[in-house]
Each structure stands twice: as C-alpha cells, then as structure tokens.
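Last residue of the sequence shown: 220 (my numbering), numbering continuous. The beta-carbon is built from N, C-alpha and C at its ideal position, and this holds for glycine as well. Values in this document were obtained by computation on a predicted structure and should not be read as measured data. Structure first, then comments.
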Amino acid sequence: MNKPRNAIAGQPIDTEPDEERRDAFVAAYFETGKQNESAAIAGVHRITAQKWVKAAWFEKALRELRRARDKRLDARITKILDRSLEQLEERIEHGDRKVIVVGRGEYARTEVEDVPVPARDLAIITGVLFDKRAALRKAPEEDENPEMSALERIADKLREAAIQQKAMRNDEAVDVEVHEVAGGAPADDVSDLV
Numbered sequence: 027m028n029k030p031r032n033a034i035a036g037q038p039i040d041t042e043p044d045e046e047r048r049d050a051f052v053a054a055y056f057e058t059g060k061q062n063e064s065a066a067i068a069g070v071h072r073i074t075a076q077k078w079v080k081a082a083w084f085e086k087a088l089r090e091l092r093r094a095r096d097k098r099l100d101a102r103i104t105k106i107l108d109r110s111l112e113q114l115e116e117r118i119e120h121g122d123r124k125v126i127v128v129g130r131g132e133y134a135r136t137e138v139e140d141v142p143v144p145a146r147d148l149a150i151i152t153g154v155l156f157d158k159r160a161a162l163r164k165a166p167e168e169d170e171n172p173e174m175s176a177l178e179r180i181a182d183k184l185r186e187a188a189i190q191q192k193a194m195r196n197d198e199a200v201d202v203e204v205h206e207v208a209g210g211a212p213a214d215d216v217s218d219l220v
C-alpha cells in the first residue's frame, strides 16, 4: 500500500473508523469546527479526517450531537424559567422587598418591607407573558421524524405537479372565435387568419 507523502508514523490511514476514535473526532469537530485540529485531538491522520468528514455517517453523528446539546440547553432553560416564574408569582402576590429607613439621626433603623409591584412593571410582565403564551399556543406540534415528513411533503408536491401537468396535456382546449365574412372580403377589424 502506498502511503501519502505526509503520512505520520504510528497514525493509521483508514476510512473505516473504530468507534472510539470516530466519536472522539466527531466530538472534537463539533466543539472546534476545525478538521485538522479535531484530527490532532482524536489522534486521527488528517487524510482520514478528510474522508470521514465527507462520509454519510459524519453528518448524522453531528446532527445527533446537536440534538443532544439542544435537549440539554432546553432542560436548563426550562429549569431557569420555572424558578423565574415562581419568583415572579411571589413578587406579584406579595410585592417587592424594599429596605426602608425608619426614623432620623442616631435613632434611624432599617426595615425590610413588601411594597406592591409598580403598575408599569406589571404591565410589562403581563404583556410579555401574554405574548409568550400566545406563541406557545400557536407552536406547531413536533414531528416524530421531521426529515421524513419533509420528504413526504416534497413528494406530495411533486405528485400534485405531475397530475396537473398530465391533466393539462389531456385537456388542451383551444378557444376559437369565428367571424363571418360578408361578400368574400374580410372586414377591417377581422383577421384573414380566422
């Protein structure tokens, strides 16, 4: 087997990845976005990395990593939203906590008191929550297999176009207007092609 000029001793040049190196390369590529750097991190020859990036399994592996990351982020964001909404509810019901100075001079002391949330803040909170609720209610249901449903939609459109094209070929109707010519000579406004 002929080795490339830039082959590094000890680094195999193969297109069939072992799972451990493949996963390490995909993870490094996902994090860095750089093929050569990812190859070095995973201990894969750069030519092998080039072939892997072009392989069908590579895009699928990247999609799986993106989905996993998106699910983790979604879970974290949901947790933060839940806590924020709980605190928001508590503040709307009981008011904001404010430190108030009672008395003057050396007899002054501070107290913490609940003060109603200002109307402007309530209006903003209400508007934002109302918009978000409306967006959630309008959100489309997730497809279990979005790639397949997209392919099915494309196939349906192609079928409809084919049916319409076939119908046009079969039902070609031509509108013809007939004019009578009096005296054998065509009238000025009528074409002699009619």
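Put simply, the backbone Cα of residue 84 is about 6 Å away from that of residue 78. When secondary structure is reduced to three states using DSSP, residue 63 falls in the helix class. DSSP places residue 44 in no beta strand (DSSP E); its state is neither H nor E.
Restricting attention to alpha helix (DSSP H) runs no shorter than 4 residues, the region 51-97 encloses them at 61-68 and 72-80, ordered along the chain. One thing to note: residue 129 has its Cβ no nearer than 9 Å to the Cβ of residue 123. When the alpha-carbon of residue 115 is set against those of 90, 74 and 142, the nearest one is in 142.
The three-state secondary structure of residue 154, taken from DSSP, is helix.
Under the three-state reduction of DSSP output, residue 139 falls in the strand class.
Residue 87 holds the alpha-carbon nearest to the alpha-carbon of residue 45 among 163, 61, 87 and 117. Residues of the same chain with a CB within less than 6 Å of the CB of residue 55, apart from the 5 flanking positions on each side, are 64 in chain order.
Distance from the CA of residue 105 to the CA of residue 93, rounded to the nearest whole angstrom, comes to 18 Å. Excluding sequence positions up to five before and after residue 147, its CB lies less than 8 Å from no other CB in the same chain. According to DSSP, residue pairing for residue 123 in a beta bridge involves 140. At a Cβ-Cβ threshold of 9 Å, residue 75 and residue 50 do not count as neighbours.
Each residue's CA atom was taken as its position, placing residue 175 and residue 190 some 23 Å apart.
Residue 98 and residue 158 have their alpha carbons spaced roughly 21 Å apart.
If you check the CB distance, residue 53 and residue 91 come in under 9 Å.
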